[in-house]
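Residues in the sequence shown are numbered from 1 upward in steps of one, following this note's numbering. Glycine included, C-beta positions come from ideal geometry on N, C-alpha and C. Here the structure comes first, spelled out in structure tokens, and everything after it is commentary.
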Amino acid sequence: MGKKILIVTGSPRRHGNTNLLAGWVADGVAGRGGDVRIVDAAQLHYKTSGCTSCMGCQESDLFRCIVRDEASEIVASIPEYDVLVLATPVYFFSFSTQIKMFIDRMYSLYKFKADRILSPADHLQFALIATSAGDYGSGLDVLEKSFSKIAGLSGKKPKTLLTPLCPVDVTETMMNDELKERAFRFGAALAE
Ligand SMILES: Cc1cc2nc3c(=O)[nH]c(=O)nc-3n(C[C@H](O)[C@H](O)[C@H](O)COP(=O)(O)O)c2cc1C
Numbered sequence: 001m002g003k004k005i006l007i008v009t010g011s012p013r014r015h016g017n018t019n020l021l022a023g024w025v026a027d028g029v030a031g032r033g034g035d036v037r038i039v040d041a042a043q044l045h046y047k048t049s050g051c052t053s054c055m056g057c058q059e060s061d062l063f064r065c066i067v068r069d070e071a072s073e074i075v076a077s078i079p080e081y082d083v084l085v086l087a088t089p090v091y092f093f094s095f096s097t098q099i100k101m102f103i104d105r106m107y108s109l110y111k112f113k114a115d116r117i118l119s120p121a122d123h124l125q126f127a128l129i130a131t132s133a134g135d136y137g138s139g140l141d142v143l144e145k146s147f148s149k150i151a152g153l154s155g156k157k158p159k160t161l162l163t164p165l166c167p168v169d170v171t172e173t174m175m176n177d178e179l180k181e182r183a184f185r186f187g188a189a190l191a192e
């Protein structure tokens, strides 16, 4: 059976580079028989603006955010997947606000004990899709480093599709057949 893959995108531009890339990656997953779902974190309804650090998730036996909204439902489903792909544009050398709000809600999937971390998601393969206007050193480098720390929670090396020098006009990106092929192959490899 193909792998179950969740792609969470976090660009406020619905028809921008990041979502375009995520769609191509999803096509690659499906083409290899994987089961893929895309969720746009920028369009979810949140009851709070990000994690409020209430620590309700750490005090409970459950691996659930106690704030119940669309984000917490998606986060709670993450352990059902084999691969979690986060897709973001580089904003000020880092994640977009929209994807970071989602990532912080994932705190509920981990119990940070003094000597170990408990999680129903410790089998997860993490992957990153990131787009930027500048070159690798204009923020993708920092983002990649930060993401590898998140992926390290599962003890696995992350897989990354980093795409520098993306034109702001997405129709130009659409015509980039080489990038499309790279994204498709990236998705196919995730499904293997
Ligand atoms: C608020 C903001 C901050 C940005 N910061 C950076 C940056 O630090 N480095 C960079 O290379 N590009 C930066 N960009 C450009 C975006 O990363 C780039 O245009 C990206 O492809 C946009 O993705 P989207 O089309 O999915 O929105 C920034 C864009 C915006 C709107």
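Exposure label - residue i; buried when at least 16 CB within 10 Å
{"i": "residue 127", "result": "buried"}
{"i": "residue 112", "result": "exposed"}
{"i": "residue 105", "result": "buried"}
{"i": "residue 161", "result": "buried"}
{"i": "residue 11", "result": "buried"}
{"i": "residue 139", "result": "buried"}
{"i": "residue 210", "result": "No answer is possible for residue 210: the residues shown for the chain start at 1 and end at 192."}
Residues sharing a beta bridge with residue i, DSSP
{"i": "residue 36", "result": "5"}
{"i": "residue 30", "result": "Looking at the DSSP assignment, residue 30 forms no beta bridge with any residue, so it has no partner."}
{"i": "residue 125", "result": "83"}
{"i": "residue 111", "result": "118"}
Simplified DSSP assignment, three categories, for residue i
{"i": "residue 49", "result": "coil"}
{"i": "residue 92", "result": "coil"}
{"i": "residue 75", "result": "helix"}
{"i": "residue 117", "result": "strand"}
{"i": "residue 63", "result": "coil"}
{"i": "residue 162", "result": "strand"}
{"i": "residue 157", "result": "coil"}
{"i": "residue 22", "result": "helix"}
{"i": "residue 133", "result": "coil"}
{"i": "residue 192", "result": "coil"}
{"i": "residue 69", "result": "coil"}
Residue i: CB within 6 Å of a non-hydrogen atom of ligand 3
{"i": "residue 75", "result": "Ligand 3 is absent from the structure shown, which contains only ligand 1."}
7 Å Cβ cutoff met for residue i and residue j
{"i": "residue 65", "j": "residue 54", "result": "no"}
{"i": "residue 85", "j": "residue 132", "result": "no"}
{"i": "residue 122", "j": "residue 4", "result": "no"}
{"i": "residue 129", "j": "residue 21", "result": "yes"}
{"i": "residue 36", "j": "residue 30", "result": "yes"}
{"i": "residue 102", "j": "residue 41", "result": "yes"}
Original post:
How do the region 141-156 and the region 178-191 stand: do at least 3 beta-carbon pairs fall below 8 Å, yes or no?
Top reply: no
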